[in-house]
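Residue numbers (this note's numbering), protein chains in the order written: chain A, 51 to 402; chain B, 51 to 402.
Here it is, written out as structure tokens:
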């Protein structure tokens, strides 16, 4: 490696032929000495206190790269860190469609509960695919929050720490029997929207009632660019109200990160309010196209939770629904919400 | 009011001279009958099942506006609802600077705890200004979560349901005495970032240690457009790691909504990782300018929490810090996180 510098920047010719330039302020800001960085990696110096006219006084390569600055400070950098040690870790994300039905990410309750590699692999599936299934668990009430606490923290809401999805089917009331639910984002009217949802099956003697999942990111990627653009451009209003609650947010169907990459899907035909966009006709065309693709068999997987089974979804990526079910028998699920930060933290710690 | 229609849309001439056009699909989608809408306002019909080629068969004005569609359904609309009943409620938000020091939003603990108008006004201040203070409360540990539960739900994290900010000052260790903390967003490395933070004072015998707050939205509005553009265009990486935790997110300093309006500020000089942008020099100029404005007296308010006092901030808008404090005495705060959805819901219900 060869280095060269002027007052404003350091240039490095890496052995692989690559050349890179580091600005004086960037180097000073990222000094790794114990005065500037806590062992945890937290920055101790306050970036805003660095002088704008900071310059490099000298630079030398002696195994480490040592740089003296005009503010009197000297920084010693590990060359490997400058080469690629400060880059963000690579992102795990694999889009999927119905073909994944043959290789569903399934963990065994006892193994995942024991922690270690089984828990790590189960969490890695959620991070990569946006969902995972757990089988062979107990049917005890409260199991769903116990699973959430394996990796994170339950997000309590007005529905409680956990909530029951229970329909003791009453054949005299046809409205509450057999109806399927289209793929949807849960609780889009919350700010922030829960990023993880868990659903655990306590009883399932009714015929039908398969759970359906679809990778909203896969479907969004297959939309026409015009439709994708419309769904990302206009916020929709989502709302839920009852006697004790009044929740409302505005968010587009497709939220893009500043990179242009898709960051979140919010689709919920039940709680979305009247759409207000300049060209209603064009918007409905895009909105319908996306909504219908979410129901297409080529994108959708189906599985039936047996008592003791559970699944978890990344609620801003994978939309969930259910098929219709029979008018006799019982179907009892318990659900709770949690967030990604705890899950990804646990996964990272288990992957060390 | 006069109405006219063709197959694709309904036109209304309002008595005030305004003219409006409603598309057939929009009208059908928003039919308010009990078959299409639950009393809660949730949509019962699934928008994606409506035919694309839906047309209006007839329309009549008889006090209500009655529309028959090609799918055989008839919708009856209240004219007042079509005129403005479906609009989003107006947004409360008032930007502030140091001048607000003379009219700080302060509630009395006993009154706010009793609920009703005092709680409503206190929550309204948080919604409008992004912060509020509570005085005269107890110094009992756990008070901070009790206050959060007045309006919402504690967001549990790896720091617990609540956490202690406690420095029993040890004059032999200068590093842990007297140091101020610049204005910052708390926990920017979480996904989602906590939207509310509460801090409650249990003991405060040390001189100094004033809390400082600054309206990040006010400061961002005063940035040059070039600087604002740079801070909104590139994500920064925020990270925190210890033995049991590894949290990391990518988000720009300024997050814009699709409308272009500012939606969130993330600024934390301690946990931000090395900046990776195309023009480092230009970016640092903008980043420093914003960071320094956050410290300017013209934007900043200061107040000292006495034992029993508490404040709450909207963590994605109002940045908080503290001045240095003396080396003798004790300063003990307890903090917790919560989220906006519960607060806004409670405020809306109390405002009914």
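Quick reminder that beta carbons are idealized off the backbone N, C-alpha and C, glycines included.
Within its own chain, the residues whose Cβ lies closer than 6 angstroms to the Cβ of residue 267(A), once the five positions on either side in sequence are excluded, are 145, 312, 367, listed in chain order. Identification of residues in the region 293-304 of chain A having a C-beta nearer than 9 angstroms to some C-beta of chain B yields 293, 294, 295, 296, 297, 298, 299, 300, 301, 302, given in sequence order.
Residue contact with chain A for residue 277(B): absent (no Cβ-Cβ distance below 9 angstroms to any residue of chain A). For residue 284(A), the chain B residues whose C-beta falls within less than 8 angstroms of its own C-beta are 308, listed in chain order.
A Cβ-Cβ contact shorter than 9 angstroms links residue 386(A) with residue 212(A).
With a threshold of 9 angstroms between beta carbons, residue 389(B) makes contact with chain A.
Look at the beta carbons and you see the region 267-284 of chain A not touching the region 149-166 of chain A: under three pairs across the two are nearer than 8 angstroms. Of all alpha-carbon atoms in 184(B), 285(B), 95(B), the one lying nearest the alpha-carbon of residue 85(B) is that of 95(B). Exclusion of the five residues before and after residue 376(B) leaves 256, 257, 258 as the residues of its chain whose Cβ lies within less than 6 angstroms of its Cβ.
For residue 187(B), the secondary structure class from DSSP, reduced to helix, strand or coil, is coil. If you check the CB distance, residue 394(A) and residue 296(B) come in under 9 angstroms.
Close partners of residue 90(B) in chain A (Cβ separation under 8 angstroms): 290, 291, 292. Note that the region 278-290 of chain A touches the region 316-323 of chain A; at least 3 beta-carbon pairs, one per stretch, sit closer than 8 angstroms. Counting only runs of 4 or more residues that sit fully inside the region 138-170 of chain B, the alpha helix (DSSP H) segments are 159-163, in chain order. Within the region 328-394 of chain A, the complete beta strand (DSSP E) segments of 3 residues or longer fall at 350-353, 360-364, 368-372, 380-388, listed in chain order.
For residue 246(A), the enclosing beta strand (DSSP E) begins and ends at 246-254.
Residues of the same chain with a CB within less than 8 angstroms of the CB of residue 65(B), apart from the 5 flanking positions on each side, are 51 in chain order. Residue-level contact by beta carbon fails for residue 55(B) and chain A, as no gap is shorter than 9 angstroms.
The three-state secondary structure of residue 277(B), taken from DSSP, is helix. When DSSP states are grouped into helix, strand and coil, residue 312(B) belongs to the strand group.
According to the DSSP assignment, residue 266(B) belongs to no beta strand (DSSP E) but to the alpha helix (DSSP H) extending over 266-272. Its chain contains 148 as the residues whose beta carbon lies nearer than 7 angstroms to that of residue 347(A), once the 5 sequence neighbours on both sides are disregarded; these appear in chain order. Interface criterion not met: the Cβ of residue 120(A) is under 9 angstroms from no Cβ in chain B. Within the DSSP secondary-structure output, residue 108(A) pairs in a beta bridge with 118(A). Residue 263(A) is not a Cβ neighbour of residue 382(A), given a cutoff of 9 angstroms. By the criterion of a C-beta distance shorter than 8 angstroms, residue 59(A) is surrounded in its chain by 71, 72, 73, 74, 106, once the five residues flanking it on both sides are discounted. The Cβ neighbour count for residue 103(B), taken over all protein chains shown within 10 Å, is under 16; the residue is labelled exposed. Under the three-state reduction of DSSP output, residue 87(A) falls in the strand class. The shortest C-alpha to C-alpha distance from residue 274(B) to any of 330(B), 339(B), 214(B), 310(B) is the one to 339(B). Cβ-Cβ distances below 6 angstroms link residue 364(A) to 180 in the same chain, with the five nearest sequence neighbours on each side left out; the list follows chain order. The shortest CA-to-CA distance from residue 399(A) to any of 170(A), 231(A), 76(A) is the one to 170(A).
Comparing C-alpha distances from residue 337(B) to each of 134(B), 126(B), 304(B) shows the shortest one belongs to 304(B).
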